[in-house]
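In order, the protein sequences belong to chains A and B.
1 is the number of the first residue of the first sequence in the UniProt record's numbering; add one for each residue after it.
1 is the number of the first residue of the second sequence in the UniProt record's numbering; add one for each residue after it.
A short write-up of the structure that comes next.
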Amino acid sequence: MFAKEKTVMEENRVRLICKRTVVSTKPVEQGRLYRFSVFDHVMEPNHIRFVYYYQSSKTREPGEITKKLRESLAYTLNCYPIVTGRLVKETDGTEENRWKVKSNDAGVRMIEARATGTVEEWRRSVNREEELKLVHWEDMYHLPYYWSTFYVQVTEFESGGLAIGLSCTHLLADPVCAMMFIRTWADLTLTRNMMTPPIFHSLPPRRFSSHKLSNNQLLSHYIKYCSLTAPPLNITEDHMVTITLLFPDPMVQSGENEAGLTAFEILSGLFCVCVSRAKGKRNELTDMSLCLDVRKLLRLDQSYFGNCMVYHKVHYSKPVKAIDRLLLLSYVVQEIHNVTKGLLDYHAVMDLVEWLGSNNNNPISNGSDLVCTNLENMGNPRPMMFEEDLMLSHLSCYVEGPVAGGGQVIVLPSSSGDGPMSRVVMVSLPQREMVKVLEDELLQSFSPVLLWRLQNKKINKD
Amino acid sequence: AKHLTMSPPKMPDLSTSTKHKYVKLGYQYLVNNFLTLLLIPILAYTALELFRMGPEEILNHLNSLNFNLLHILCSSFLIIFVSTVYFMSKPRTIYLVDYSCFKPPVTCRVPFATFMEHSRLNLIDSPKSVEFQMRILERSGLGEETCLPPAIHYIPPTPTMDAARSEAELVIFTAMDDLFKKTGLKPKDIDILIVNCSLFSPTPSLSAMIINKYKLRSNIKSLNLSGMGCSASLISVDVARDLLQVHPNSNAVIVSTEIITPNYYQGKERAMLLPNCLFRMGAAAILLSNRRSDRWRAKYKLCHLVRTHRGAEDKSYYCVYQQEDDESHVGINLNKDLMAIAGEALKSNITTIGPLVLPASEQLLFLTSLIGRKIFNAKWKPYIPDFKMAFEHFCIHAGGRAVIDELQKNLQLSAEHVEASRMTLHRFGNTSSSSLWYELSYIEAKGKMKRGDRVWQIAFGSGFKCNSAVWKSNRTIKTPTEGPWSDCIDRYPVFIPEVVKL
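Here is the structure:
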């Protein structure tokens with residue numbers, strides 16, 4: 001049975017229909033140049049890819065929904081002159097040789113495709129490589145002025161359902177504003193109203209007088225990791241695989257009853273513990289960085305368009321002993337909580353902004369750390385719907401580049417059908433570690449549902 | 001590329017120019033109203049004589065002429081006979097009831113940056129050709145809102161026959177639906193249907209496509225003109241006019257369009273890349289009628305239509321030539337002396353239309369200058385008649401910025417006269433045969449069309465042809481008008497720089 005599924009997987013199920021450029025419906029004001037913030041510059045070599053899966057209860061003519069989405073995308077782009085512009089490097093006197101966006105009205109690339117089967121069948125049998133066929137991406141051309149920074153792919157499933165892929169360079173956007181872009185587009189398609197238009201501006205200056213922290217862990221992390229050059233060897237050797245797990249109720253399972261903990265903290269702690277064991281570390285925990293959105297900290301609206309997520313390493317204050325794993329989990333979760341609630345504060349971030357602006361020209365790399373990204377609140381307050389009958393069934397997120405570190409755990413909201421406390425986690429690890437993590441009893445005690453099959457490996461749990 | 005050397009006209013001394021103006025005005029008034037001026041003294045003399053004679057003397061004079069019944073009857077019959085022959089042989093007046101232009105959907109918009117990017121991606125091995133296209137686009141006079149059909153937006157473009165038919169259906173049916181709405185015309189009432197589309201001619205024809213879609217009558221007189229270039233709209237009007245002379249109490253629908261999809265040149269020859277930069281999606285549907293009942297609601301009356309064909313000369317024939325390039329890509333080759341040939345064709349056309357429309361004063365001056373040059377001194381400057389006296393509005397085919405500049409210079413028109421053409425080129429690009437109707441729509445949208453205004457439409461086309469039509473406005477058109485300009489007319493006129501830096 002498995003062999004037959006394997007051949008189905010290998011068939012070319014995604015058929016490209018065309019590639020074109022979608023432009024805004026109104027011409028842009030020519031000649032405007034947008035500068036990037038220090039957070040943008042530091043993320044330059046990476047790119048993001050999202051895939052949104054929608055199931056439909058209505059049958060449609062092939063191409064009908066694609067046409068409608070293309071038109072609404074054109075209207076959406078009226079609010080995103082940065083997205084339809086192109087990268088230029090201009091010496092400006094003060095800022096030499098850094099990227100800027102020239103808003104020249106060139107548009108975004110859109111790819112239209114068809115896939116066989118239904119969304120459910122696809123999700124059951126596909127792996128990372130296949131999924132990436134649903135979201136087109138092109139690395140920067142030799143002439144960046146003709147290179148689109150955003151790519152949108154709409155794939156209609158012949159037997160029902162839709163997949164929308166969005167990829168973009170990390171220089172322009174972080175996962176939060178990329179998801180907000182989809183939200184704005186969905187709102188416009190559904191209600192013909194733009195409810196959360198993006199806001200573009202530079203990072204606000206420091207609010208109170210300068211207050212350099214003596215022990216700014218966030219800053220030290222960046223200072224160390226911005227000068228990392230080549231990725232450590234063990235990453236390139238071992239093949240990375242990605243799986244998706246659905247956790248129905250991590251808070252309850254963990255037994256944690258301390259107020260103020262979030263599902264993200266618990267899940268990150270869980271994976272830290274499991275990955276440490278998978279790596280064979282007996283008395284220590286794996287290096288871990290948290291990728292957190294600091295818009296609220298900086299008093300920015302969620303519609304702020306641009307990078308606003310920082311990487312904060314988790315430090316273990318006490319030496320670790322491999323005893324009761326639940327206690328270990330509790331300890332790690334506490335350390336994570338210390339970061340999110342204590343160490344990561346306004347001044348730490350502003351010190352970082354100042355340092356990045358004056359001393360740093362290098363992008364950040366996360367080395368071989370495990371990177372846990374918090375996107376669990378992006379499903380609020382309402383789901384991202386393009387049409388009344390299209391239900392968002394699943395969301396995949398990939399971040400590629402030096403910030404991907406040695407492994408990724410991305411915590412995403414779950415579709416409303418699974419309960420408000422459920423979370424979907426996309427885990428990317430080297431293959432050997434992934435197998436061990438999935439067999440870990442601690443992980444299994446959280447009753448995760450494996451939404452995908454692991455590539456080339458038989459998994460007992462389903 | 002056509003070079004434009006527009007040196008500003010020399011400003012003569014102000015006092016002499018004012019004197020010249022008054023002399024000219026006096027001369028024009030004298031010559032144009034010559035007959036009236038002659039008639040007044042005669043009438044005055046006759047009236048005086050009659051008053052002097054008194055009624056009895058008049059009656060005596062009449063009696064002496066010895067009229068009897070036979071004389072009176074014969075004279076009456078003669079008068080009635082002559083009037084009948086006159087009215088029967090007078091050509092029927094052709095009325096333009098209304099027309100509608102296709103407004104492209106905003107999602108088909110092609111900004112300069114997107115056009116250049118696609119050009120670069122599709123012609124990845126020919127950077128010089130891409131550079132050439134960029135230079136053309138910078139100086140083209142087009143704006144950022146012109147539209148290309150969906151098939152051309154693909155990378156690489158996919159000009160299939162299906163896509164061409166879709167474009168044809170989109171532009172033609174939209175224009176026709178709009179025409180039906182504006183005029184209240186029922187599809188079953190169309191007597192004559194003429195479609196002109198130069199470069200796309202499928203089987204069944206586009207006119208058959210329309211007949212199929214709208215379920216037109218089986219005895220409709222339908223015609224499909226293809227291959228006749230950008231002046232084909234006026235050719236269609238000419239054919240409609242002739243048909244409407246033969247068929248009383250009829251109407252004719254003309255559809256003018258150019259389908260871009262199958263003709264997008266995919267090679268790299270520079271002379272053949274030019275049309276890609278300029279041609280854009282557009283269509284117009286026009287309703288003509290010879291019914292007297294349409295006299296009141298029609299917008300225009302057709303006064304004259306002059307067609308000039310220079311195809312007998314090889315130079316003119318080959319100047320716009322469709323051919324295959326070295327890589328077997330089909331495209332339209334534009335010759336370098338296109339402007340010169342256009343100028344010649346225009347002169348030919350003017351020579352024919354001048355006597356029909358110019359007031360007597362201008363014709364006399366032109367005749368004098370012609371005779372003078374022939375007999376006395378060939379070096380005398382040829383007198384260019386002032387067409388501004390014959391027309392209030394000009395619609396010059398928006399073939400490209402160079403065409404408009406050339407005609408503005410040749411006919412000595414002001415910037416306001418060519419505004420309609422320039423703004424149409426900016427907003428819609430070169431829509432080929434339908435561009436004249438977009439320009440007319442612009443003039444109406446600006447509220448400049450008053451009753452009695454005369455419009456001169458000039459179109460050039462491959463062959464080489466120069467066709468012109470003269471319309472007289474039947475009523476004042478009130479703004480705001482419904483049409484392709486309705487949402488953007490307030491932004492116009494815009495200043496169009498010589499070169500737009502890309």
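From the three backbone atoms N, C-alpha and C, an ideal C-beta is built for every residue, glycine too.
- The three-state reading of DSSP puts B/Leu367 in helix, counting H, G and I together.
- Among the residues facing chain B, A/Lys19 is included, as its CB has a counterpart in that chain under 8 Å away.
- The beta carbon of B/Asn263 sits closer than 6 Å to those of Leu199, all from its chain and outside the five residues before and after it, given in chain order.
- Residue contact check for A/Gly165 against chain B: no CB pair falls below 8 Å.
- Nearest neighbour of A/Gln408 by Cα position, chosen from A/Met194, A/Val427, A/Trp99, turns out to be A/Val427.
- B/Leu193 places its beta carbon 8 Å or farther from that of B/Asn251.
- With respect to A/Glu387, A/Thr189 sits close: the two C-beta atoms are nearer than 8 Å.
- In the three-state scheme derived from DSSP, where H, G and I count as helix and E and B as strand, B/Trp471 is classed as strand.
- Within the segment 115-128 of chain B, Met116, Glu117, His118, Arg120, Leu121 place their CB atoms closer than 9 Å to a CB of chain A, listed in sequence order.
- Proximity of the segment 107-125 of chain B to the segment 307-320 of chain B falls short of the contact definition, fewer than three beta-carbon pairs being nearer than 8 Å.
- Pairing A/Tyr304 with A/Glu335 gives a Cβ-Cβ distance that is not under 8 Å.
- The C-beta of A/Thr76 has 16 or more other C-beta atoms within 10 Å across all chains shown, which makes the residue buried.
- With a threshold of 8 Å between beta carbons, A/Gly63 makes no contact with chain B.
- By the rule that beta-carbons nearer than 8 Å mark a contact, A/Asn193 does not touch chain B.
- A Cβ-Cβ separation of about 7 Å places B/Ala175 in contact with B/Val255 under the 8 Å criterion.
- Here A/Pro45 really is in contact with A/Gly401; their C-beta atoms are around 5 Å apart, less than 8 Å.
- Residue environment for A/Pro198: buried (at least 16 other C-beta atoms within 10 angstroms of its C-beta).
- Residue-level contact check: B/Glu327 does not touch chain A, since none of the beta carbons of chain A fall below 8 Å from its beta carbon.
- Per DSSP, the beta-bridge partners of A/Pro430 are A/Met240.
- For the 8 Å CB-CB criterion, A/Leu370 and A/Leu218 do not form a contact.
- Against B/Ile155, the close residues of chain A are Cys18, Lys19, Arg20, Thr21, Arg109, in the order they occur along the chain (beta-carbon pairs closer than 9 Å).
- In this model, B/Asn467 and B/Leu407 are separated by some 14 Å (Cα to Cα).
- Put simply, the backbone Cα of A/Met350 is about 27 Å away from that of A/Leu87.
- Contact between B/His304 and B/Val470 is confirmed by a C-beta separation of about 4 Å, below the 8 Å threshold.
- Judged by DSSP secondary structure, B/Thr36 falls within the alpha helix (DSSP H) whose first and last residues are 34-64.
- Between B/Thr424 and B/Ala398, the beta carbon gap of about 5 Å places them in contact (Cβ cut-off 8 Å).
- Put simply, the CB of A/Thr25 is near chain B, with a gap under 8 Å to one of its CB atoms.
- Counting only the Cα atoms, B/Pro111 lies some 29 Å from A/Ala163.
- Among the CB atoms of chain A, one or more fall inside 8 Å of the CB of B/Ala113.
- Chain-order list of chain B residues neighbouring A/Arg32: empty, with the shortest C-beta distance near 13 Å, by a criterion of under 7 Å.
- Around the Cβ of B/Asn290, a 10 Å sphere holds 16 or more other Cβ atoms; the residue is buried.
- For A/Glu156, no chain B residue has a C-beta closer than 7 Å to its own C-beta; the minimum C-beta separation is roughly 17 Å.
- Under the three-pair Cβ rule at 8 Å, the segment 177-191 of chain A counts as touching the segment 69-83 of chain A.
- Contiguous alpha helix (DSSP H) elements confined to the segment 20-82 of chain A occur at 38-42, 64-76, taking only those with 4 or more residues.
- The alpha-carbon separation between A/Ala278 and A/Lys436 amounts to approximately 5 Å.
- Look at B/Cys395 here: in three-state DSSP terms it is strand.
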